[in-house]
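Accompanying notes for the structure given below.
Chains as they are written, first to last, in our numbering: chain E, 1 to 221; chain F, 1001 to 1221.
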C-alpha cells in the first residue's frame, strides 16, 4: 500500500505546505512522469547523491545499478536512503526577486531498499525498461546470466513519502501590487517543456531500418 | 580555485570511468547548464535529498533556502553535504536491454557549505536570480530587510567534485552485432530537448505589457 503523502513526521511538508499534495494518485503521477531520480545514501559520513533510472511498480519504486557499485551495495545492505524526483515545469517571474520562483512537481521517498532476486528482479528490470523505453522489452535482447550478475535491482516501498506541486503564476507581495512603478513590469511565467527530438539511428543500423512505431509514439510532458 | 574533477579518492569515477570528465571547464559547463541541483544532508541518520535553485559563482556553487528550514540550518552548520546536477540528454536504445541507457551530463560536489552574509549574501542572491532569470535583477524589486532575514544563501567550494558525460549512440555487446536477428532491430538514440514555452502573463499584468526582450532571448539546451 502507498501511504498518504506527508503523513509521517519526517515527511510532513513544513516549507510552503500549501504546495503539498496529500493524495496517493498525485504522488504516483509525479513518480510516473519522471525518468531520473536522485538517490542518497551515506558512505563514510558523506550523503552521496546519485542519479538513477527508476520506475514505479505498484506501491514501490524500483531502480537498478551495478553490483560493483559501493553505493549500491550500501543501499542493498539496507542503509537509510532517500529518493527524490523533480520535474521542472517553468520559471515564475514575480515583481520582486524574493517571490520569483520555479514551477515544479516533486516527490520524496524515505526508507530502506530491498534487493530483488530471481524472477522478481527480472520483472523490475522489465518495468524500468518499459518505463523509460515503452515497447522495447518485447524486442530487445533480455539480460544474460552474466549481465544479471552485474546488475542489482532494488525496491523502495512508498510507505513514507511526500510530494509537492507548484504551478501557476507569481504570488506577489501585496505591497508590490500597489506600487505603480513595479506594476509596469511584466510578470508571469515561462513554461519549460521537454520534448523528444527525432530518433537518430546507430551507425551500424542497416540503411532503411524503420524507426519502430512504439518509439515514434513516445511523448514527454 | 576549482580542483580537477575526480581528483580525490571520494570523487574518483569508478563506474564507467570512460565517461568521466577531468577538466575544470567541463565541470563548470555542466553546472552552468542546469537550473536545479539536488542537495543531500543527513538529519537523524536519514540522508534527505532536496531540489534547490543554484548557480555557479566562480569556483563555488551558491544556493539559497529558508532560514526556517531544518535542513538548511544543518547545511549552514557545516554538516557534510553533496550537491548533484543532472541534465538528461536522451534515451539510448541498444540491441540489448542491458546496454540500453540514457545520455546525460552530471556533476557531483562534496563538501560543507558556508553561510554567506551581508553584501556577499546579496551578491549570491543576484547571481542565482541572474542564472535562472537573466536580465531580471535589474528590474525586479530587490530583497527587503524582512525578506533577507527569511533567506539564507550558502556557498559550496568546487574543491571536491566529479563530472560525467554520456553522449552518442549505443555500445552494444559485440556478440549482438553478429546476430542477424538482432541486427534487424532499429537501434540508436532519441534526444531529449528542453525548451521554453511562450511566456504567460500574470493576470494582474496590465493588458499590453510587453514581454521584456531579455525574457524573449532565453534559450535552453
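The C-beta atom is built at its ideal place from N, Cα and C for all residues, glycine as well. Since we're looking at a predicted model, the values are computed, not measured.
- In chain order, 39, 40, 41, 75, 110, 111, 112, 113 and 156 place their CB closer than 8 Å to the CB of residue 81 of chain E, counting only its own chain and leaving out the 5 sequence neighbours on each side.
- If you draw a straight line from the Cα of residue 1026 of chain F to the Cα of residue 1167 of chain F, it is about 14 Å long.
- Beta bridge pairing from DSSP links residue 147 of chain E with no other residue.
- Residue 31 of chain E and residue 1136 of chain F have their C-alpha atoms roughly 32 Å apart.
- Inter-segment contact for the stretch 1168 to 1175 of chain F and the stretch 1091 to 1099 of chain F is present: three or more beta-carbon pairs are separated by less than 8 Å.
- Residue 1048 of chain F is bridged by DSSP to F:1041.
- If you look at residue 1112 of chain F, you'll find it in the beta strand (DSSP E) that goes 1101 to 1112.
- Contact annotation: in the stretch 1186 to 1201 of chain F, residues whose CB is within less than 9 Å of a CB in chain E are 1186, 1187, 1188, 1189, 1190, 1191, 1192, 1193, 1194, 1195, 1196, 1197, 1198, 1199, 1200 and 1201.
- Note on geometry: alpha-carbon atoms of residue 117 of chain E and residue 22 of chain E lie some 32 Å from one another.
- Proximity to residue 1154 of chain F across F:1140, F:1133, F:1146 and F:1127 peaks at F:1127, based on C-alpha coordinates.
- For the options E:148, E:134 and E:10, the alpha carbon positioned closest to that of residue 218 of chain E is the one of E:134.
- Assignment of residue 139 of chain E by DSSP, reduced to helix, strand and coil, places it in the coil class.
- The residues 73, 149, 150, 151 and 152, in chain order, have a CB closer than 8 Å to that of residue 67 of chain E in the same chain once the five nearest residues on each side in sequence are set aside.
- Residues of the same chain with a CB within less than 6 Å of the CB of residue 2 of chain E, apart from the 5 flanking positions on each side, are 24, 59 and 158 in chain order.
- Residue 183 of chain E and residue 1203 of chain F have their C-alpha atoms roughly 12 Å apart.
- Among the CB atoms of chain F, one or more fall inside 8 Å of the CB of residue 42 of chain E.
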